[in-house]
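S.K.: Sharing a structure with you now.
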Amino acid sequence: MELIVEMLRHSCQTFGDKPAFRVKTGGRWVEHSYRQLWADSDRIATALSAWGLAAGDRVAILAPASPAWVAAYLGIMKANGIVVPVDKELKRNELRHILDDCGARLLFTTEDYLDTAREFFGELSSLRKIVLIYPPQGSKLRHSPQIEGALTDLFGELQRLVNAYQIRSEDRQRLEASAVNLQELLIPGISRAGNAGTPRRGLLDRERRHLGSDAIETLDTFQKEGIPPALTGRPHDPAVILYTSGTTGRSKGAMLSHANIISNIRTVVPMFGLNEEIRTLSFLPINHVFEQVGGILLPLSLGGTINFAESLKKLGENLAEVKPNFLLGVPAVFRLLLDRMQKNIRGQFLSRTFFAMALTRPLVVRKVRQALGGAPTFVSGGAALDPAVAQGLIDLGIVVYQGYGITETSPVIAAERPGARKVGTVGPPIPHVEVRIHEPNDEGVGEIWVKGPNVMLGYFNNPQATAEVLTDGWYHTGDLGRVDVNGLLTICGRLKNVIVTANGKNVYPEEVENELLH
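Counted the way my numbering counts, the sequence shown spans residues 1 to 518.
If you want it as structure tokens, here you go:
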């Protein structure tokens, strides 16, 4: 068994110049290679080590998805630290709890969250440094596409040259200053208003006066050339701490090891026949285990390409541009996709007519699949997929495989797959993972217990909570389910939600809700 860094080293060495990421900037997709990812994460790891990060120290990331987010993630692991991805939508008190609970020493964030980070810096004794990894989303240029594209090329080429020739820090700063001066010449005032290349200098100066000269830096000034420290971790050491939603109280940090995560990736890949041709569109929250493992680490482990969606509003547009052959989504997105396609069919006389007749329906199905780039693999997770939505998509020639997993299991427990699927179920348990229905009732429904190499190490700094959910390696999910004669798992609801009627019958609110919707 290997470490996550070692898994990705193979990809970066094998697929050096291939795009690891694509980001839409200035109206066009800009590529970031595997070689660039490895070099960027090397510089971050070297800087973290020089700054004093010790093995096992926690470093948090509070930012939207981007190549820089992934470089920071990998750089922390290269420096033998533990990554704590944080949900950017959380309220202030919950953010504070997470940073305090994990004892984060350094925070990678963006200008968008600087006000909150500043408050935490004064309140939390463990937090000693803030690094801005890229400018806020709201600071995109609002000028002519030609100038915007030229500036994007300028900063991209500058970064490439800096990386290729290993330019010293002081020389790099002079080059950046020249680029900013040129940008100011083209668009007067933009360097004071925020731009696509560097955060505002005045803002950094002000924050340093307030927090201390060494308290805040941009990623450009923080990174250091050099050789990262030797890896000291073992496969069963914590790689990440992922905080649960905390619906029943304060959120808890699930510790996932390198072995936990890699075992899940290595198991899922052959189930869907995935390889280096994998092309994804990433739009789910990157701090969540589903996207982080399945949408980021899995494609990178194979040498695939990840396209970051611009926003949820532009998801349809980006889907048409990228035509991903592998897509992770949640039920709400697949419902919208079905609604949009059905609306398009109803709005076109020929499509509507052909789809209504069994003989000509394949013509419409072929057109739908061509629009999606062929026969993509769609996987739904995060919640139960409405069987009516699943069937509606099947009728259009689109198969959505439903999976079941949770943060504490890295995440996949069970999943439909080619040859093992049935609408309304989440498929069989994945290989090497055992599922037990604990104390089933007369209908075969009981709590789902899970055992396997994907089960977390425990909750960080919370042995009591760990003991409550782990028994001899079996994780108690708190979900209710049943397994049919073919070994397919059906999720019935949450254990705490079940209603027992006067005559002793169990009623599951989730099933009632599904019936009411139809």
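Backbone N, C-alpha and C fix where the C-beta goes; we use that ideal spot for every residue, glycine too.
These numbers were taken from a predicted model, which means no experiment stands behind them.
Are there 16 or more other CB atoms within 10 angstroms of the CB of Thr305, so buried, or fewer, so exposed?
M.R.: Buried is the call here.
S.K.: Measuring alpha carbon to alpha carbon, tell me which of Val445, Ser282, Ile227 and Ala254 ends up nearest Lys24.
M.R.: Closest by alpha carbon: Ser282.
S.K.: Taking Gly524 as the reference, which of Pro270, Phe15 and Glu310 has the closest Cα?
M.R.: Lying outside 1 to 518, the shown extent of the chain, residue 524 is not represented and no answer is given.
S.K.: So is Ala320 buried or exposed if we call it buried at 16+ other beta carbons inside 10 Å?
M.R.: Looking at its Cβ environment, which holds fewer than 16 other Cβ atoms inside 10 Å, Ala320 is exposed.
S.K.: Using DSSP with H/G/I as helix, E/B as strand and the rest coil, what is Val445?
M.R.: Val445: coil per DSSP, three-state reduction.
S.K.: On the three-state DSSP scale, how would you describe Gly405?
M.R.: Three-state DSSP puts Gly405 in a strand.
S.K.: Mapping the DSSP letters down to three states, classify Ser4 as helix, strand or coil.
M.R.: Note on residue identity: the sequence assigns Ile, not Ser, to residue 4. The answer is helix: DSSP assigns Ile4 an H, G or I state.
S.K.: What residue range is occupied by the uninterrupted beta strand (DSSP E) comprising Met255?
M.R.: Where Met255 is concerned, the enclosing beta strand (DSSP E) stretches over Gly253 to Ser257.
S.K.: To which residues does DSSP link Arg279 through a beta bridge?
M.R.: For Arg279, which the question treats as bridged, DSSP gives the partners Thr305.
S.K.: For Leu396, which residues of its own chain have a beta-carbon under 7 Å away from its beta-carbon, when the five flanking residues on both sides are left out?
M.R.: So the list reads Met341, Val365 and Val368, once near-sequence residues are dropped.
S.K.: Assign Pro362 to buried or exposed, taking buried as 16 or more other Cβ atoms, counted over all protein chains shown, within 10 Å of its Cβ.
M.R.: Exposed: under 16 other Cβ atoms inside 10 Å.
S.K.: As a quick exercise: from Cys102, Pro376, Gln36 and Ala388, pick the residue whose alpha carbon is nearest that of Glu157.
M.R.: Nearest C-alpha to Glu157: Gln36.
S.K.: Measuring only the C-alpha atoms, how far is Ile413 from Ile261?
M.R.: So the alpha carbons of these two residues sit roughly 12 Å apart.
S.K.: So Ala414 is in the beta strand (DSSP E); what residue range does that whole segment cover?
M.R.: Taken as a continuous stretch (DSSP letters only), the beta strand (DSSP E) holding Ala414 covers Val412 to Ala415.
S.K.: Is it right to say Lys78 is buried, meaning 16 or more other beta carbons lie within 10 angstroms of its own, or is it exposed?
M.R.: That one is buried.
S.K.: Can you check whether the CB of Gly373 is closer than 7 Å to the CB of Lys323?
M.R.: A contact, by the Cβ cut-off of 7 Å.
S.K.: For Ile130, I'd like the list of residues in its chain whose CB is within less than 7 Å of its CB, leaving aside the five on either flank, ordered along the chain.
M.R.: Within the same chain, Ile130 has close Cβ partners Leu107, Thr109, Ala117, Phe121, Ala215 and Ile216.
S.K.: Helix, strand or coil, according to DSSP, for Leu231 in the structure here?
M.R.: DSSP places Leu231 in coil when its eight states are reduced to three.
S.K.: On the three-state DSSP scale, how would you describe Ser126?
M.R.: DSSP places Ser126 in coil when its eight states are reduced to three.
S.K.: Once you ignore the five residues that flank Asn275 on each side, which residues in its own chain have a CB closer than 7 Å to its CB?
M.R.: Closer than 7 Å at the Cβ level, and outside the excluded window around Asn275, lie Leu302.
S.K.: Looking at the secondary structure, which residues open and close the alpha helix (DSSP H) in which Asp339 lies?
M.R.: Where Asp339 is concerned, the enclosing alpha helix (DSSP H) stretches over Pro331 to Arg346.
S.K.: Of all the CB atoms in chain B, is at least one closer than 7 Å to the CB of Ala356?
M.R.: No chain B is part of this structure, which consists of one protein chain only.
S.K.: Excluding the 5 residues preceding and the 5 following Lys343 in the sequence, name in chain order all residues of the same chain whose CB lies nearer than 7 Å to its CB.
M.R.: Nothing listed; no residue qualifies.
S.K.: Which residue from Leu256, Leu297 and Val268 puts its Cα closest to that of Thr409?
M.R.: When each option's Cα is compared against that of Thr409, the closest is Leu256.
S.K.: Would DSSP call Leu300 helix, strand or coil?
M.R.: Leu300: helix per DSSP, three-state reduction.
S.K.: Is it the case that the Cβ atoms of Gly481 and Cys492 are separated by a distance below 7 Å?
M.R.: Yes; because the gap between Cβ atoms is below 7 Å, this pair is in contact.
S.K.: Identify whether Gly295 lies in helix, strand or coil by the three-state DSSP scheme.
M.R.: In this structure, Gly295 counts as helix in the three-state DSSP scheme.
S.K.: Check Ile430 in the structure and name its three-state DSSP category.
M.R.: Correct three-state label for Ile430: coil.
S.K.: Decide yes or no for the touch test of the segment 458-467 against the segment 418-433: beta carbon pairs closer than 8 Å, at least 3 of them.
M.R.: No: the two stretches stay apart, fewer than three of their Cβ pairs being nearer than 8 Å.
S.K.: Leu489 and Val426 look like a contact to me (Cβ under 8 Å); what is the Cβ gap, rounded to whole Å?
M.R.: Correct: roughly 5 Å between the Cβ atoms.
S.K.: How far does the alpha helix (DSSP H) with Tyr34 in it reach, from first residue to last?
M.R.: Note, Tyr34: alpha helix (DSSP H), Tyr34 to Trp51.
S.K.: Cβ atoms of Thr377 and Phe272: under 7 Å apart, would you say?
M.R.: Going by C-beta atoms, Phe272 is nearer than 7 Å to Thr377.
S.K.: Taking Cβ to Cβ, would you say Ala254 is nearer than 7 Å to Pro235?
M.R.: No, the pair does not count as a contact, with Cβ atoms beyond the cut-off.
S.K.: So does the segment 54-61 actually touch the segment 29-43, counting three or more Cβ pairs closer than 8 Å?
M.R.: Result no; under three Cβ-Cβ pairs closer than 8 Å.
S.K.: Just reading off the alpha helix (DSSP H) that Glu217 is part of, what are its end residues?
M.R.: From DSSP, Glu217 is part of no alpha helix (DSSP H) but of the beta strand (DSSP E) over Ile216 to Thr218.
S.K.: Please state whether the Cβ-Cβ distance between Gly75 and Ala45 is less than 7 Å.
M.R.: Yes, they are a contact pair.
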